[in-house]
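Student:
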Amino acid sequence: MAVLRPYPFGALVRRAFRELEERRAVFDLPLDKGFFGEPDLDLSVAHHGCAASSPFGPAAGPHSQLAQNIVLAWLAGGRIVEWKTVQVNDTLTLPRPCIDAHNVGYNVEWSQELTLDESREEYVKAAMLIELLAASGRLPFVTGFERVVYDLSVGYDLAGISGERVSAFIAGLTDATSTVERLRRELPLELGALRDLPFSTALSSTLTLSTFHGCPPEEIERIVRHLQERHRLHCTVKLNPVLLGPEETRRLLHDALGYHEIRVPEGAFARDTSWAQMTDFVGRLGDAAAVLGLGFGVKFSNTLIVENHRDFFPASEREMYLSGPPLHVLAAALVARFRAGFGDRFPISFAAGIDRGNFAEAVGLGLAPVTVCTDLLKPGGYARGRGYLSALAGRMRAAGARSVDEWVIRSFGHGPAALERAAGT
Numbered sequence: 013m014a015v016l017r018p019y020p021f022g023a024l025v026r027r028a029f030r031e032l033e034e035r036r037a038v039f040d041l042p043l044d045k046g047f048f049g050e051p052d053l054d055l056s057v058a059h060h061g062c063a064a065s066s067p068f069g070p071a072a073g074p075h076s077q078l079a080q081n082i083v084l085a086w087l088a089g090g091r092i093v094e095w096k097t098v099q100v101n102d103t104l105t106l107p108r109p110c111i112d113a114h115n116v117g118y119n120v121e122w123s124q125e126l127t128l129d130e131s132r133e134e135y136v137k138a139a140m141l142i143e144l145l146a147a148s149g150r151l152p153f154v155t156g157f158e159r160v161v162y163d164l165s166v167g168y169d170l171a172g173i174s175g176e177r178v179s180a181f182i183a184g185l186t187d188a189t190s191t192v193e194r195l196r197r198e199l200p201l202e203l204g205a206l207r208d209l210p211f212s213t214a215l216s217s218t219l220t221l222s223t224f225h226g227c228p229p230e231e232i233e234r235i236v237r238h239l240q241e242r243h244r245l246h247c248t249v250k251l252n253p254v255l256l257g258p259e260e261t262r263r264l265l266h267d268a269l270g271y272h273e274i275r276v277p278e279g280a281f282a283r284d285t286s287w288a289q290m291t292d293f294v295g296r297l298g299d300a301a302a303v304l305g306l307g308f309g310v311k312f313s314n315t316l317i318v319e320n321h322r323d324f325f326p327a328s329e330r331e332m333y334l335s336g337p338p339l340h341v342l343a344a345a346l347v348a349r350f351r352a353g354f355g356d357r358f359p360i361s362f363a364a365g366i367d368r369g370n371f372a373e374a375v376g377l378g379l380a381p382v383t384v385c386t387d388l389l390k391p392g393g394y395a396r397g398r399g400y401l402s403a404l405a406g407r408m409r410a411a412g413a414r415s416v417d418e419w420v421i422r423s424f425g426h427g428p429a430a431l432e433r434a435a436g437t
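Oh and the sequence shown: position 228 is 240 in this note's numbering, straight run, nothing missing.
Okay, structure coming up:
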């Protein structure tokens with residue numbers, strides 16, 4: 013099996029600054045393929061009260077676990093970075109290949125490829141290198157566009173999340189002082205005064221919960237209460253697309269979109285949370301967060317479990333997880349239904365089939381963050397991020413909007429129609 017090998021921090025920093033000096037690039041991404049803000053637009057949003065300079069970022073995935081990938085996300089304009097989901101079982105043997113992103117996305121991966129200690133160190137390395145690059149004065153940022161929010165992501169059950177190893181992982185990122193000071197000693201001498209930067213150590217105060225497909229609703233609620241009470245984190249619960257129910261899911265996949273080859277196992281609906289159960293625990297968790305002075309929200313959506321009907325993955329994998337364009341439609345339908353019940357009580361994070369063509373509309377619906385996985389795994393990688401934000405900027409200017417809030421208001425007249433189109437209704 014291919015093994016991810018973290019790059020030593022000193023060598024990583026040296027490479028980044030050498031490329032910047034010699035080629036005006038960082039980790040092979042030319043600066044003219046990055047996104048550094050628009051002087052006439054305010055693209056900032058808030059995530060549970062934390063300011064981020066744009067609504068875009070990588071969804072928790074294979075592209076947000078190594079330090080250099082996280083730095084590339086930032087250079088591409090990503091300002092809400094969802095770190096790769098971690099779990100206590102961190103020595104899994106994953107099948108290879110485990111991701112198929114030709115068009116519709118499929119994967120059988122679902123967990124981190126590093127140990128918990130390696131993951132924590134990669135996230136701290138990335139945050140420190142981002143601060144070094146921002147302070148270097150060598151990047152063409154619009155003033156204020158460097159503000160970034162890091163979002164923790166853990167899974168997948170209460171036993172693992174409440175255990176000491178995952179708890180220590182969370183604590184090591186809400187207060188990363190010891191790791192920061194150890195890594196500081198690895199910084200190259202040629203950085204000079206940059207070695208003495210007052211690096212941030214409270215790296216994250218927000219968390220997105222990912223649970224097993226079929227996780228009981230009462231366990232989801234207990235996990236979030238644990239994270240709220242023990243770690244005092246603003247929490248977002250990632251919800252599953254099977255909440256739509258079998259009839260609506262199949263209508264959208266087969267009748268509206270024509271994906272007749274995609275089959276959701278019948279058991280996926282029977283063993284997962286129902287819509288009524290979800291609305292009950294979301295309401296209670298929102299109340300609990302308010303008492304603690306914390307934020308709470310939901311995310312649409314997790315991947316969709318489907319039968320393995322292709323020959324890309326090993327035959328031993330009977331099921332796989334769908335992402336990409338079909339999931340966008342399902343998640344949009346979930347957003348519409350959720351808002352019909354809750355209005356604007358809870359913020360909604362969105363990650364489902366986002367690409368250059370639909371990013372601006374998702375932002376116009378008041379969704380934040382709007383994060384991307386499948387499209388960033390295609391040729392071009394993080395260089396594709398510039399297209400999302402450039403498209404948003406163009407749409408904002410055309411509408412006479414100078415901030416994201418103004419874009420939401422000015423696009424509102426078209427918002428319901430856009431949501432209906434995306435949901436296939």
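Every residue, glycine too, gets a C-beta built ideally from N, C-alpha and C.
(1) So F38 and V93 are supposed to be a Cβ contact under 8 Å. How far apart are they, rounded?
(2) Spatial neighbours of F48 within its chain, please: CB distance less than 8 Å, with the 5 preceding and 5 following residues excluded, ordered by chain position.
(3) By a C-beta neighbour count over all protein chains shown, 10 Å radius and 16 as the cutoff for buried, is T103 buried or exposed?
(4) Can you tell me whether K137 is helix, strand or coil according to DSSP?
(5) Does the separation of the CB atoms of G378 and V420 fall below 8 Å?
(6) Which same chain residues end up closer than 7 Å to P107 when comparing Cβ atoms and leaving out the 5 residues on each side of it in sequence?
(7) Below 8 Å on the Cβ atoms is my contact criterion, and I expect V100 with V178 to pass it. Report the Cβ-Cβ distance as a whole number of Å.
(8) For I360, which residues does DSSP report across the bridge?
(9) Which term fits P109, buried or exposed, when burial requires 16 or more other beta carbons within 10 angstroms of its beta carbon?
(10) Kindly confirm or deny that the segment 201-209 and the segment 253-266 touch, where touching means at least three C-beta pairs closer than 8 Å.
(11) Measure how close the beta-carbons of V249 and V166 come, nearest whole angstrom, since I'm counting them as under 8 Å.
(12) Tell me which residue opens and which closes the alpha helix (DSSP H) that Y400 is part of.
(13) From D284 to H238, what distance separates their C-alpha atoms?
(14) Can you tell me the Cβ-Cβ gap for I366 and D387, rounded? I've got them flagged as a contact below 8 Å.
(15) Under 8 Å by Cβ, that's how I've got G184 and R132 pegged, so tell me the actual separation to the nearest angstrom.
(16) For the alpha helix (DSSP H) holding L185, just list the boundary residues, first then last.
(17) Can you tell me whether H238 is helix, strand or coil according to DSSP?
(18) Tell me the rounded alpha-carbon separation between L126 and T186.
Tutor: Considering the structure as presented:
(1) Taking the first residue of the sequence shown as position 1, residue 38 is located at position 26. Taking the first residue of the sequence shown as position 1, residue 93 is located at position 81. This sequence places Val at residue 38; Phe is not what is there. The pair is not a contact, with the Cβ atoms about 16 Å apart (cut-off 8 Å).
(2) The residue given as residue 48 occupies position 36 in the sequence shown. For F48, where only same-chain residues beyond five positions count, the Cβ hits under 8 Å are G89, L151, P152, F153, V154 and F157.
(3) As a position in the sequence shown, residue 103 is number 91, starting the count at 1. Exposed, by the Cβ-count rule.
(4) Taking the sequence shown and counting its residues from 1, the one referred to as residue 137 is at position 125. Helix at K137.
(5) Within the sequence shown, numbered from 1, the residue matching residue 378 stands at position 366. Within the sequence shown, numbered from 1, the residue matching residue 420 stands at position 408. Yes, they are a contact pair.
(6) As a first step, residue 107 must be located in the sequence shown, where it is residue number 95. Close CB contacts of P107 within its chain, under the 7 Å cut and outside five residues either way in sequence, are with V120, F325, P326 and E329 (chain order).
(7) Residue 100 sits at position 88 when you count from the first residue of the sequence shown. Residue 178 sits at position 166 when you count from the first residue of the sequence shown. Rounded, the Cβ-Cβ distance is 5 Å, consistent with contact.
(8) Reading the sequence shown from its first residue, position 348 is the one you call residue 360. Paired residues: V310.
(9) Within the sequence shown, numbered from 1, the residue matching residue 109 stands at position 97. By the Cβ neighbour-count rule, P109 is exposed, with fewer than 16 other Cβ atoms within 10 Å of its own.
(10) Too few Cβ pairs lie closer than 8 Å, so no.
(11) Mapped onto the sequence shown, residue 249 falls at position 237. Mapped onto the sequence shown, residue 166 falls at position 154. About 12 Å; that fails the 8 Å criterion.
(12) Taking the first residue of the sequence shown as position 1, residue 400 is located at position 388. That run of the alpha helix (DSSP H) goes G397 to A411.
(13) Here residue 284 corresponds to residue number 272 of the sequence shown, with the count starting at 1. Here residue 238 corresponds to residue number 226 of the sequence shown, with the count starting at 1. C-alpha separation (whole angstroms): 21 Å.
(14) As a working note, residue 366 is residue 354 in the sequence shown. As a working note, residue 387 is residue 375 in the sequence shown. 6 Å between Cβ atoms; contact.
(15) Along the sequence shown, one-based indexing puts residue 184 at 172. Along the sequence shown, one-based indexing puts residue 132 at 120. Contact flag correct, Cβ pair sits at about 5 Å.
(16) Taking the first residue of the sequence shown as 1, we reach residue 185 at position 173. Element bounds for L185: E176 to T186.
(17) Residue 238 sits at position 226 when you count from the first residue of the sequence shown. Helix at H238.
(18) Counting from one through the sequence shown, the residue named residue 126 turns up at place 114. Counting from one through the sequence shown, the residue named residue 186 turns up at place 174. Cα-Cα distance, rounded: 20 Å.
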